[in-house]
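When the sequence shown is numbered by my numbering, its final residue is 240 and no position is left out of the sequence of numbers.
What follows is a short report on a single structure.
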Amino acid sequence: SRLPPPTTHGGPVDGMLAEYAVLDEQDAVHVPAHLSFEEAATLPCAAVTAWHGLMETPPPLKPGATVLVLGSGGVSMFALQFARAAGARVIMTSSSDHKLQRGRDLGATAGINYRQMPEWEKEVLRLTDGQGVDCVVEVGGAGTLARSIQAVGAGGKIALIGVLSGPQGDTTPHPLMFKNASLHGIFVGSRGMFERMNRAIEANGIRPVVDKVFPFDQALDAYRYQQSGAHFGKVVIAVS
Numbered sequence: 001s002r003l004p005p006p007t008t009h010g011g012p013v014d015g016m017l018a019e020y021a022v023l024d025e026q027d028a029v030h031v032p033a034h035l036s037f038e039e040a041a042t043l044p045c046a047a048v049t050a051w052h053g054l055m056e057t058p059p060p061l062k063p064g065a066t067v068l069v070l071g072s073g074g075v076s077m078f079a080l081q082f083a084r085a086a087g088a089r090v091i092m093t094s095s096s097d098h099k100l101q102r103g104r105d106l107g108a109t110a111g112i113n114y115r116q117m118p119e120w121e122k123e124v125l126r127l128t129d130g131q132g133v134d135c136v137v138e139v140g141g142a143g144t145l146a147r148s149i150q151a152v153g154a155g156g157k158i159a160l161i162g163v164l165s166g167p168q169g170d171t172t173p174h175p176l177m178f179k180n181a182s183l184h185g186i187f188v189g190s191r192g193m194f195e196r197m198n199r200a201i202e203a204n205g206i207r208p209v210v211d212k213v214f215p216f217d218q219a220l221d222a223y224r225y226q227q228s229g230a231h232f233g234k235v236v237i238a239v240s
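Shown next as structure tokens:
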């Protein structure tokens, strides 16, 4: 397998659930002063990934654009906050009406329960007067990509980030070609992206959505909670 480039932060490096870790200077950045350590711990992976997909891939996200975020995990909730800070409207999907309401409380313009509306891309098109969205933050992978392709508008983009729905799916790329839309594979981001994101977080007073903080000796419980899918936003393990 191929490893990510050394400029990638939050990649597959073991050993971060520890009291002490040795890092290269390149791997450390100043975090926004208004964040706690628990909040700052959510930034290197989920936040940078969302920032990369929204703000660092063409076409640039503009005020008045519409963004579709799938689910209510860490990446999607950061994407919601970054999109709102950029002046975009946000459509969110979830299987839980309660989570959809929490998303609206964060600024989502509309919510779609995909259990009640399995063909959620049709509702996205209805909400956008048939135009589709400017950006899809796609965390489902092969199982949802075909619907995301239908939901994206002409000249829009899909940030392909996760595979939560599994590796198998039936997707044809032709609609992307006809829409002149783009598909970007996103794997975390660079130090430069991290620093630009942190400046935006500080300027806009953004606070990460932390669902639950587990003590260090309950790390296994934290993983089980994450795996259950009950969380909204990020799950954190406090080392101290």
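Built from N, CA and C at the ideal position, the CB exists for glycine as well.
State the Cα-Cα distance for the pair Ser148 and Ala154, rounded to the nearest angstrom.
Each residue's Cα considered, the two are about 13 Å apart.
On the CB-based measure, 16 or more other CB atoms within 10 Å of its CB, does Thr49 come out buried or exposed?
Its Cβ being crowded by 16 or more others within 10 Å, Thr49 is buried.
From Val239, Leu17 and Val67, residue whose alpha carbon lies closest to that of Ala86
Nearest of Val239, Leu17 and Val67 to Ala86, Cα basis: Val67.
Among all the DSSP beta bridges, which residues are the ones paired with Ile158?
DSSP output for Ile158 lists Val136 and Leu183 as bridge partner(s).
Please state whether the Cβ-Cβ distance between Ala219 and Ile237 is less than 7 Å.
It is a contact, given that the beta carbons lie within the stated cut-off.
Please classify His98 as buried or exposed, where buried requires at least 16 other C-beta atoms within 10 Å of its C-beta.
Exposed is the call here.
Could you tell me which residues DSSP pairs with Pro215 in its beta bridges?
Pro215 pairs with Ala238.
What do you reckon, are the CB atoms on Ala46 and Val75 nearer than 7 Å?
Contact check for Ala46 against Val75 passes: the beta carbons are separated by less than 7 Å.
Just to confirm before moving on: does the CB-CB distance between Phe232 and Ala222 stay below 7 Å?
Contact flag unset, no.
Using the Cβ count rule (16 or more neighbours within 10 Å means buried), how would you classify Leu100?
When all chains shown are included, Leu100 counts as buried.
Quick check: the stretch 126-145 against the stretch 23-40, are there 3 or more CB pairs under 8 Å?
Taking a contact to require three or more Cβ pairs closer than 8 Å, the stretch 126-145 and the stretch 23-40 do not qualify as touching.
Can the beta-carbon of Ala181 be found less than 7 Å from the beta-carbon of Gly156?
In contact: Ala181 and Gly156 (Cβ atoms closer than 7 Å).
Verify whether the separation of the beta carbon atoms of Ala159 and His184 is less than 7 Å.
Against a cut-off of 7 Å, the Cβ pair of His184 and Ala159 comes out as a contact.
Expressed to the nearest angstrom, what Euclidean distance is found between the alpha-carbon atoms of Ile91 and Leu176?
Those two C-alpha atoms are separated by around 20 Å.
For a test of the three-state rule: what should DSSP assign to Val209, helix, strand or coil?
Here Val209 sits in coil by DSSP.
Taking only three categories from DSSP, how would you classify Val69?
DSSP, reduced to helix, strand and coil, places Val69 within a strand of the structure shown.
Strictly by DSSP, which residues pair up with Ser94?
By DSSP's assignment, Ser94 forms a beta bridge with Asn113.
Secondary structure of Gly87, DSSP reduced to three states
Assigned with DSSP and collapsed to three states, Gly87 falls in coil, not helix or strand.
For the alpha helix (DSSP H) holding Ala28, just list the boundary residues, first then last.
First-last for Ala28: undefined, no H or E at that position.
Would Arg126 be called buried (16 or more neighbouring beta carbons within 10 Å of its own) or exposed?
Burial state of Arg126 is exposed, judged by a 10 Å Cβ sphere holding fewer than 16 other Cβ atoms.
Residues bridged to Val152 by DSSP?
BP columns for Val152 point to Val133.
Backbone secondary structure at Val48 - three-state DSSP
In the structure shown, Val48 sits in a helix (DSSP, three-state: H, G or I).
Under the three-state DSSP convention, the category Gly292 falls into
Absent from the model: residue 292. The displayed extent of the chain is 1 to 240, so no value can be given.
Roughly how many angstroms lie between the CA atoms of Met197 and Ala83, to the nearest whole one?
The straight-line gap from Cα to Cα measures roughly 12 Å.
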